[in-house]
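For reference, the structure is listed below as structure tokens.
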Amino acid sequence: MTFIDNYPKSAKIAKANFLVAFIALAIGGLFGLIQALHRTGWARNIISSAEYYTMLTGHGVLLALVFTTFFIAGLFVWGVTRSLDREPENMAFSWSWFWIMLIGTLMATVAILGGFVEGSSIRAAVLYTFYPPMQAHPLFYIGAALLIIGSWMAGADWFRSYLAWRKEHPDERIPLQTYMTLFTMLMWYVCTVGVALEVVVLLIPWSLGWVNQIDPLLPRTLFWYFGHAVVYFWLLPAYFVWYSILPKLSGGRLFSDSMARIVFIIFLILSTPVGYHHQYADPGITVGFKFYAMATTLLLLLPSLLTLFTVVASMEHGAKQRGGKGYFAWLGKLPWGEPAFAGCALAGIMFAAGGFSGIINAAMNINILVHNTIWVPGHFHLTVGTAVALTFMAISYWLVPQLTGRKLKNKTLALIQPYLWFLGMTLMSNAMHRGGLAGIPRRTAEPNYSQFDFEAVFGTISEIKWQIAIGGILLTVSLVFFLWVIFNSWFRGERADKPVDDFIPAALSGPEHAPKILDNIKLWVLLAIALVLIAYSVPLAEMVMDGLFSPGAPTIPV
Amino acid sequence: MHIHRFERFWIGVSLVAIAIFIATVVIGFSVYDLRVIGAEKTVDPQNLQETKFADPGVRKAEPGSEVDYEVYVMSRQFMFNPGTAEPITVPTDAKIRFHITSPDVLHGFEVVGTNLNTMVIPGQVATFTTRFDTPKTYGLLCNEYCGAAHHVMEGRLKVVSKSQFNEKQLVQ
Amino acid sequence: MDSNDKKAENESNSETSPSDEKIRELSLEEFNPHGTLALTLLYFVLLLVLWFFMYFVEFAGHGPSILS
Numbered sequence: 024m025t026f027i028d029n030y031p032k033s034a035k036i037a038k039a040n041f042l043v044a045f046i047a048l049a050i051g052g053l054f055g056l057i058q059a060l061h062r063t064g065w066a067r068n069i070i071s072s073a074e075y076y077t078m079l080t081g082h083g084v085l086l087a088l089v090f091t092t093f094f095i096a097g098l099f100v101w102g103v104t105r106s107l108d109r110e111p112e113n114m115a116f117s118w119s120w121f122w123i124m125l126i127g128t129l130m131a132t133v134a135i136l137g138g139f140v141e142g143s144s145i146r147a148a149v150l151y152t153f154y155p156p157m158q159a160h161p162l163f164y165i166g167a168a169l170l171i172i173g174s175w176m177a178g179a180d181w182f183r184s185y186l187a188w189r190k191e192h193p194d195e196r197i198p199l200q201t202y203m204t205l206f207t208m209l210m211w212y213v214c215t216v217g218v219a220l221e222v223v224v225l226l227i228p229w230s231l232g233w234v235n236q237i238d239p240l241l242p243r244t245l246f247w248y249f250g251h252a253v254v255y256f257w258l259l260p261a262y263f264v265w266y267s268i269l270p271k272l273s274g275g276r277l278f279s280d281s282m283a284r285i286v287f288i289i290f291l292i293l294s295t296p297v298g299y300h301h302q303y304a305d306p307g308i309t310v311g312f313k314f315y316a317m318a319t320t321l322l323l324l325l326p327s328l329l330t331l332f333t334v335v336a337s338m339e340h341g342a343k344q345r346g347g348k349g350y351f352a353w354l355g356k357l358p359w360g361e362p363a364f365a366g367c368a369l370a371g372i373m374f375a376a377g378g379f380s381g382i383i384n385a386a387m388n389i390n391i392l393v394h395n396t397i398w399v400p401g402h403f404h405l406t407v408g409t410a411v412a413l414t415f416m417a418i419s420y421w422l423v424p425q426l427t428g429r430k431l432k433n434k435t436l437a438l439i440q441p442y443l444w445f446l447g448m449t450l451m452s453n454a455m456h457r458g459g460l461a462g463i464p465r466r467t468a469e470p471n472y473s474q475f476d477f478e479a480v481f482g483t484i485s486e487i488k489w490q491i492a493i494g495g496i497l498l499t500v501s502l503v504f505f506l507w508v509i510f511n512s513w514f515r516g517e518r519a520d521k522p523v524d525d526f527i528p529a530a531l532s533g534p535e536h537a538p539k540i541l542d543n544i545k546l547w548v549l550l551a552i553a554l555v556l557i558a559y560s561v562p563l564a565e566m567v568m569d570g571l572f573s574p575g576a577p578t579i580p581v
Numbered sequence: 391m392h393i394h395r396f397e398r399f400w401i402g403v404s405l406v407a408i409a410i411f412i413a414t415v416v417i418g419f420s421v422y423d424l425r426v427i428g429a430e431k432t433v434d435p436q437n438l439q440e441t442k443f444a445d446p447g448v449r450k451a452e453p454g455s456e457v458d459y460e461v462y463v464m465s466r467q468f469m470f471n472p473g474t475a476e477p478i479t480v481p482t483d484a485k486i487r488f489h490i491t492s493p494d495v496l497h498g499f500e501v502v503g504t505n506l507n508t509m510v511i512p513g514q515v516a517t518f519t520t521r522f523d524t525p526k527t528y529g530l531l532c533n534e535y536c537g538a539a540h541h542v543m544e545g546r547l548k549v550v551s552k553s554q555f556n557e558k559q560l561v562q
Numbered sequence: 002m003d004s005n006d007k008k009a010e011n012e013s014n015s016e017t018s019p020s021d022e023k024i025r026e027l028s029l030e031e032f033n034p035h036g037t038l039a040l041t042l043l044y045f046v047l048l049l050v051l052w053f054f055m056y057f058v059e060f061a062g063h064g065p066s067i068l069s
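Heads up: the protein sequence lines correspond to chains A, B and C, in order. Going by my numbering, the residue at position 394 of the first sequence is 417; the numbering climbs one at a time, nothing skipped. Going by my numbering, the residue at position 114 of the second sequence is 504; the numbering climbs one at a time, nothing skipped. Going by my numbering, the residue at position 31 of the third sequence is 32; the numbering climbs one at a time, nothing skipped.
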């Protein structure tokens, strides 16, 4: 008996979400390869440089918004169902949020892909940050709004399950996986208010032509109100995997349940008031608010550093139970030959490196050194592009068998895949960081200029390009391996009663050691709202005071 | 609550690390004078002809000003004015204040290989002060996506020694 | 490809899950994460060294900068 036998309805909806996620991953990943080859000049004839920006929009939207959101929805359906031991309360509602998210995704995708059709008026080469006054087709904004509304309903679905469970278990602690799901979604509600206001109040009326000018700073600020917390919306599900599944895959038990809860609380209260750290280089925002954002951002290092300790200690517990010894020798006793474990562990190592470049990004004045250079995508390909994406891929090797009742096929390929991803990302990302220090910009089809040359600080410019192209190729090969293994296992895997060992042991220090206040959802939400008000009420009021749409810039269609 | 003594120690170490990072930025800000730009007056991006951006370029600062030269740069799809057609020319050993804005979309203003880097947002004026110690010609590029030809938006910033700087070229 | 697949399948059939390889059970009281502390402290030192290098050499050492 595995998940699909115990909870067939949940398995079905989780699989539907994973399917959409993997299709988005395939298309977005292919776009990434073409961009790497185009940018580095290895192949400039696949697309034109103008089409590069359409493709870059597709890469960002399909991977950062679609792949992540659908995978997370599938993961949380699985986690809430198994940890509460109940399927969703109303399947019609569950399927309705899935379809709303999917319809939104299709609308936005059509708007983006329209950019490849010559003469098409449906275009959306505005990148996934869609800063006005550059204007996309209304389909793009309406689609984005539907994706977010669908995700809100998904969160409501999990709260509904929790409340129904609570009625039957009035005195029990919230099971950890449900706890992590609810806190991630609470953070998501707090932060998506910004982008929902931006899209619904400002951008949709403007893209439909009801207003003909727009104040660029206000929507940009609302975007970044959402735009940093969204990275934690991607990251927290990876933490969900690292806290609740990785210890088991290591052969051990979670070191501390309380620490996991504390970490999620800190993310709920600090994720949103940090958005200005994406606007350190913006005119129109006072230095004081930038400083407040920096202090809160750097405080957010704390939950990640705590996670580092708790998760590594849980792995060490596994290794020591498997006979590991010493300060470092135990690392060799970890199951490096298991694809699910290896992928999660390698993702964690990459996250440690991404943490460092993130500190540079976060630290106000030194951020100017790397602002909008290719250092920044170098950073987030380590975090969302590896810590999150590789964890999602690796855990699929463990989840898909539970959801389909079939064993994993092509295990050798599955094992090579995360190592190949790690290698490809090491090449691509280190080169992007160094390119950024040389001043090479991000989001540029042709970083070659006629009036000057870049000078590398470490290495040479041609070697940097070479590493980016090779890295991109290796990542694509790794992605093809992943898709092949999943496709084969999903449709052709051997049916089995127990296709994978899905038992998750209790934490070493369980919820009995965690103070009750950690489960006080209302308290932490109120604190989160208070910190957001401190950070945003004054600057937003200043921007709105002179009129929602002024100082108004004329519309520039893409 | 059960927290292992090693983990308690690690929490302490983490907080020390965070304090060190914040302290470094504060020291950089106050002792090394490494600043970020803040909020200045807004402008109407559809009426820039009534401002100094109508006649962009390098100007001598008003007498009594805390800087020596003021540089007005108009960033538009897909050029800097000045910067692209002819370089922005400024002297060494002078306090120079840049004012940059855009009449159309967002742009970036990056002086390649330096810490001069700002967003250019329609409706806002990016204002910062700097000083160049040695003569050198720097590359200038737009580092915020601004449209289909974003990648051709570039220029130069030429720093000449104070003695060779020709004030006749200034915008009057 | 076929033979590779077979080989992979044989491996997965003969696979033993990590918990089966467990040779001892370590309780909360018996377990002290020495290795974790060593690793995290190494990471701390590395972070600080890289930080000071980036801040004072790469950033503050390379002007011109925004002064006010």
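All C-beta atoms in this analysis are idealised placements derived from N, C-alpha and C, irrespective of residue type, glycine included. Just so we're clear, the structure is a prediction, and the values are computed from it rather than from any experiment.
For residue 260 of chain A, the secondary structure class from DSSP, reduced to helix, strand or coil, is helix. Listed as beta-bridge partners of residue 487 of chain B by DSSP are B:460 and B:519. Look at residue 545 of chain B: its C-beta is not under 9 Å from any C-beta on chain C. For residue 481 of chain B, the enclosing beta strand (DSSP E) begins and ends at 478-481. Taking a C-beta cut-off of 8 Å against chain B, the contacting residues of the region 20-34 of chain C are 29, 33 and 34, listed in chain order. In this structure, residue 495 of chain A keeps its C-beta atom at 9 Å or more from the C-beta atom of residue 459 of chain A. Shown here, residue 203 of chain A sits in a helix according to DSSP, grouped into three states. Using beta-carbon distances, residue 53 of chain C does not count as an interface residue toward chain A, since no partner is under 9 Å. Around the beta carbon of residue 28 of chain C, fewer than 16 other beta carbons lie within 10 angstroms, which makes this residue exposed. The straight-line gap separating the alpha-carbon atoms of residue 194 of chain A and residue 542 of chain A is approximately 12 Å. Cβ neighbours of residue 442 of chain A within its own chain (closer than 8 Å, five residues either side excluded): 365 and 369.
By the Cβ test, the region 333-342 of chain A is not in contact with the region 298-307 of chain A, since fewer than three Cβ pairs between them sit closer than 8 Å. Using a CB distance cut-off of 9 Å, residue 317 of chain A counts as an interface residue toward chain B. Against chain B, the beta carbon of residue 396 of chain A has neighbours under 9 Å at 500, 507 and 533, listed in chain order. Under DSSP, residue 497 of chain B takes part in a beta bridge, and its partners are B:510. For residue 43 of chain C, no CB of chain B lies under 9 Å from its own CB, so it is not counted at the interface with that chain. Straight through space, the alpha carbons of residue 487 of chain B and residue 201 of chain A are spaced by roughly 54 Å. Looking only at A:432, A:567 and A:290, the smallest Cα-Cα distance to residue 213 of chain A is reached by A:290. Taking 8 Å as the upper bound for CB-CB distance, residue 173 of chain A and residue 120 of chain A are in contact here, some 5 Å apart.
With contacts defined by Cβ atoms closer than 9 Å, residue 245 of chain A and residue 274 of chain A do not form a contacting pair. Rounded to the nearest whole angstrom, the C-alpha separation of residue 170 of chain A and residue 178 of chain A is 13 Å. Taking one beta carbon from each stretch, the region 369-389 of chain A and the region 408-416 of chain A have 3 or more pairs nearer than 8 Å; the two touch.
Segment contact: the region 539-547 of chain B against the region 463-476 of chain A, three or more CB-CB distances shorter than 8 Å; contact assigned. For residue 64 of chain C, no CB of chain A lies under 9 Å from its own CB, so it is not counted at the interface with that chain.
In the DSSP assignment, residue 544 of chain B falls within the unbroken beta strand (DSSP E) covering 544-550. Residue 381 of chain A: member of the alpha helix (DSSP H) spanning 362-385, first to last residue. Beta-bridge partners assigned by DSSP to residue 528 of chain B: B:547. Using a Cβ-Cβ cut-off of 9 Å, residue 468 of chain B does not count as an interface residue toward chain C, since no Cβ of chain C sits closer than that to its own. With a 10 Å radius around the Cβ and a threshold of 16 neighbouring Cβ atoms, residue 205 of chain A comes out buried. Residues of the region 274-303 of chain A with a C-beta atom less than 8 Å from some C-beta of chain B are 278, 279, 281, 282, 302 and 303, listed in chain order. Around the beta-carbon of residue 235 of chain A, fewer than 16 other beta-carbon atoms lie within 10 Å, marking it exposed. Within the model, the alpha-carbon separation for residue 322 of chain A versus residue 408 of chain B is close to 7 Å. A distance below 9 Å separates the beta carbons of residue 281 of chain A and residue 536 of chain A.
Taking C-beta atoms under 8 Å as the contact rule, residue 134 of chain A and residue 222 of chain A fail to qualify, at a distance of about 13 Å. Listed by position along chain A, the residues whose Cβ is nearer than 7 Å to that of residue 40 of chain C are 335. Under the Cβ distance rule, residue 532 of chain A counts among the residues neighbouring chain B, one pair being separated by less than 9 Å.
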